[in-house]
Structure formats: structure tokens, C-alpha cells
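Notes follow the structure.
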Amino acid sequence: MIDKINALKARIEGLTAANDAEVEALRVRYLSKKGEITSLFNDFRTVPADQKKAIGQALNELKNFATERINALRDAMASADTGLDGLDLTRTAAPMRLGTRHPLSLVREEIIAIFRRLGFTVAEGPEIEDDWHVFESLNFAADHPARDMQDTFFIQRSPDVLLRTHTSSVQTRVMEKTQPPVRIICPGRVYRNEAISARAHCFFHQVEALYIDKNVSFADLRQTLLYFAREMFGPETKIRLRPSYFPFTEPSAEMDISCDLCGGKGCSFCKGTGWVEILGCGMVDPNVLDACGIDSKEYTGFALGMGIERITNLKYRVKDLRMFSENDVRFLDEFIDA
Ligand code: DAH
Numbered sequence: 064m065i066d067k068i069n070a071l072k073a074r075i076e077g078l079t080a081a082n083d084a085e086v087e088a089l090r091v092r093y094l095s096k097k098g099e100i101t102s103l104f105n106d107f108r109t110v111p112a113d114q115k116k117a118i119g120q121a122l123n124e125l126k127n128f129a130t131e132r133i134n135a136l137r138d139a140m141a142s143a144d145t146g147l148d149g150l151d152l153t154r155t156a157a158p159m160r161l162g163t164r165h166p167l168s169l170v171r172e173e174i175i176a177i178f179r180r181l182g183f184t185v186a187e188g189p190e191i192e193d194d195w196h197v198f199e200s201l202n203f204a205a206d207h208p209a210r211d212m213q214d215t216f217f218i219q220r221s222p223d224v225l226l227r228t229h230t231s232s233v234q235t236r237v238m239e240k241t242q243p244p245v246r247i248i249c250p251g252r253v254y255r256n257e258a259i260s261a262r263a264h265c266f267f268h269q270v271e272a273l274y275i276d277k278n279v280s281f282a283d284l285r286q287t288l289l290y291f292a293r294e295m296f297g298p299e300t301k302i303r304l305r306p307s308y309f310p311f312t313e314p315s316a317e318m319d320i321s322c323d324l325c326g327g328k329g330c331s332f333c334k335g336t337g338w339v340e341i342l343g344c345g346m347v348d349p350n351v352l353d354a355c356g357i358d359s360k361e362y363t364g365f366a367l368g369m370g371i372e373r374i375t376n377l378k379y380r381v382k383d384l385r386m387f388s389e390n391d392v393r394f395l396d397e398f399i400d401a
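Start counting the sequence shown at 64; every next residue gets the next number (my numbering).
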């Protein structure tokens, strides 16, 4: 009997089936009421008492083994139905296509890296702000047009909760908590209530820089700007400062760089002037220092702010601002090697 069991086991081990019907035939042949294994159980009655235990155990094992084997064949048929048959699942997958870094991220990182080399560290602040941090502390008059709903997205009125319109709000947040020396660079997203077009968007990105210490002068600002412009746009780049006005700086200026398309001769990109505007800057107004708890008699500082989209446009000539937020992979792929 034990030989019969072993022979049957060996046979069952080698079973194969080509389809569901064949699996079912195997089940009938071995496990049904009239199946070979069932009939061995019938013969069990004739086994001498002293062998009953061992043979009973072997029979039960054989039955379990056959059940498992036939179930496995049935499972194999089921997975073949899903089309997995013949697939080598251990094969190395085809190379996966990696995404690219967004041009605005690339340029932001480059700006940060340049200022890091001058000892600036990154500071960040919230996009949802209050009037104090965005306007009041920065010396905006009560009737300044930026406080109008036409320019600013308000989430709530009195007390005002709004989306920051510039990253200058991070200046206030840092100055309130830190005494000089302060040397920070603040990248972030800002919001303005503008109609979306090729040249304007209701959200965009800025980088703000702030340096406060004893004896910080306009010459420090100018040298920092020159260093930044040459690192960003090449060693031949020239800069020029034009007087301007911002509530939080005095004096204030706007910086232009020489147009690298025409080399300063004048072209359609620079509207014939040979210069393109890239940022606003100035010496921090003493009112702002005092409002933020820094003694304006002891300390001076400079600040500057630029749009990341603007710098990116100058570097990569993106014609339509909307492309930055549409996530069209054909556009993003252009920056694969940038
Ligand atoms: N906050 C200004 C804006 O959004 C940019 C700016 C100008 C920032 C001059 C500055 C600055 O720090 O000194 O247009």
C-alpha cells in the first residue's frame, strides 16, 4: 500500500494540464468519489492494525498534496486567462522616463546658490498673510493703491486676511524675530488680482533679499547686485541703477542689466534701449526697521526683490507666462538638460 501511495504521489507531482477541462479531468481522476485516491481510502479497511497509523497519515498527506497540486494547476489557468502567461516577470523593466525640473525651480535654485555664496541663508514665510506683514510694517500709506481689492486678493476683511502680494512680507517676519546681522534670501509664491495674459498672471514667484547690519551702505547693495548679475547672466554683464520709489526703501532704485541679445546695441527685446529691467531695490527705510523692532539709529540695511519668471524669461526667452503653469510636457521637456 505504501508503495502505491508513493507511486501515485510521484505521478501527481508531474501532472500538467493545457486548459480548464484537463484540470477538471485530473480532479475527477484522482479526487472524486470514484477517484484513485478515494479508492485507496476504501482499501484502508484492509490495512493491518499495526500499520494503520503510518498509512493513514501517508494517505492524508497524499490527498492534501493532490488537492494542492490540482488547485495550483487551476490557478495557473486563471492567470493565463489574464494574459500573464508567457510573461517573464523577473525581466528588468524598460527604463522609466524621468520627469524634468521646472524652469522656475531651476532658476530659483540658481538665484539661491548665488546669494548663498555671499553668506545669505533662505527664510520663508506664509502665503496667507495679514495687513501688517504685507503693507503696514512696510510703510505703505493707508490709501496706497496696492491695498485696493483690485490688486490684492482678500480672504477676509477686518481683520484683513489676504494672499501676500510680494515676498517683502518675509522681511518683516524675520526682522520681528531676529536682531542684526540679518542676511536672508526669501523665495516664494505671490498673488495679485490681475487678468491672466501672456504678460501677467494672478500668481507668480519672487525672491527677496535683505541685509541689515551696522554700516551697510548703498555701495554694498550695488556690489551685491553686480555680483548677482554677472553670476546669473555672465561676466560681461553690465548693470545700471535708475531712481525709483518703493514705500519700504529710501532711496529706492530699479536695476537694469545690459541686453545680452543685442549686446547693448538695442533690439526689439530691449525695446531699442540696450537695457532690460530686472529688479527693485533700495536702502531699508528707517521707518520699517523701527516698526520691526530694529534700532534704525544703530543699523542700516538694503533690500532687493525680483520676479523669478522675469529672470527665467531673460535666461530662456519664454514668450508666454502662462506656459509656466500649464504643465505641458513639451514645454517642460525643453529644460531637460538645463
Ligand atoms: N516688493 C516689490 C514688488 O513686489 C519688489 C521689491 C522692490 C522688493 C524693492 C524689495 C525692494 O525688497 O527693495 O514689486
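In this text, a Cβ means the ideal position worked out from N, Cα and C, and glycines have one as well.
- Residue 149 sits away from residue 268, with the two beta carbons spaced by 8 Å or more.
- By the CB criterion at 8 Å, residue 225 and residue 194 fall inside the cutoff.
- Within 7 Å of the C-beta of residue 229 there is at least one heavy atom belonging to ligand 1.
- Here residue 346 is buried. Its C-beta has 16 or more other C-beta atoms within 10 Å.
- It is roughly 15 Å from the alpha-carbon of residue 102 to the alpha-carbon of residue 127.
- For residue 178, the shortest C-beta to heavy atom distance toward ligand 1 is 7 Å or greater.
- Residue 379 sits in a helix when the DSSP states are folded into three classes.
- Boundaries for residue 282: no beta strand (DSSP E) harbours it, while the alpha helix (DSSP H) harbouring it runs 281-296, taken from the DSSP string.
- For residue 318, the enclosing beta strand (DSSP E) stretches over residues 312-321.
- Residue 93 counts as buried, since no fewer than 16 other beta carbons sit within 10 angstroms of its beta carbon.
- Listed in chain order, the non-local C-beta contacts of residue 395 below 7 Å within the same chain comprise 163, 165, local neighbours out to five positions each way being set aside.
- Counting along the chain, residue 269 sits inside the beta strand (DSSP E) bounded by residues 266-276.
- Partner residues in the beta bridge of residue 193, as assigned by DSSP, are 224.
- Cβ-Cβ separation between residue 273 and residue 364: approximately 6 Å, consistent with a contact (criterion under 8 Å).
- Relative to the Cα of residue 217, the nearest Cα in the group 235, 233, 197, 203 belongs to 197.
- Linking residue 120 to residue 84 through their CA atoms gives a straight-line distance of about 31 Å.
- Residue 173 and residue 152 have their C-alpha atoms some 43 Å from each other.
- About 5 Å separates the beta carbons of residue 229 and residue 253, which is inside the 8 Å limit, making them a contact pair.
- Residue 183 and residue 328 have their C-alpha atoms some 34 Å from each other.
- If you compare the alpha carbons of 385, 251, 192 with that of residue 186, the shortest gap goes to 251.
- For the pair of segments examined, the region 319-328 was found not to touch the region 349-359: the number of CB pairs separated by less than 8 Å stays below three.
- When DSSP assignments are scanned along the region 156-221, the uninterrupted stretches of alpha helix (DSSP H) that are 4 or more residues long and fall wholly within it turn out to be 166-180, 194-197.
- Here the region 105-114 makes no contact with the region 131-140; the two share fewer than three CB pairs at distances below 8 Å.
- With distances taken between CA atoms, residue 234 lies nearest to 189 out of 87, 189, 124, 298.
- Sequence-distant partners of residue 137 (beyond 5 residues in either direction) whose C-beta falls short of 8 Å from its own C-beta, in its chain, are 83, 86.
- In the displayed model, residue 75 falls within a helix according to three-state DSSP.
- Taking residue 243 as the centre and dropping the five residues before and after it, the same chain places the C-beta of 275, 276, 362 closer than 6 Å to its C-beta, in chain order.
- For the pair residue 296 and residue 319, the CB atoms are not nearer than the 8 Å cut-off.
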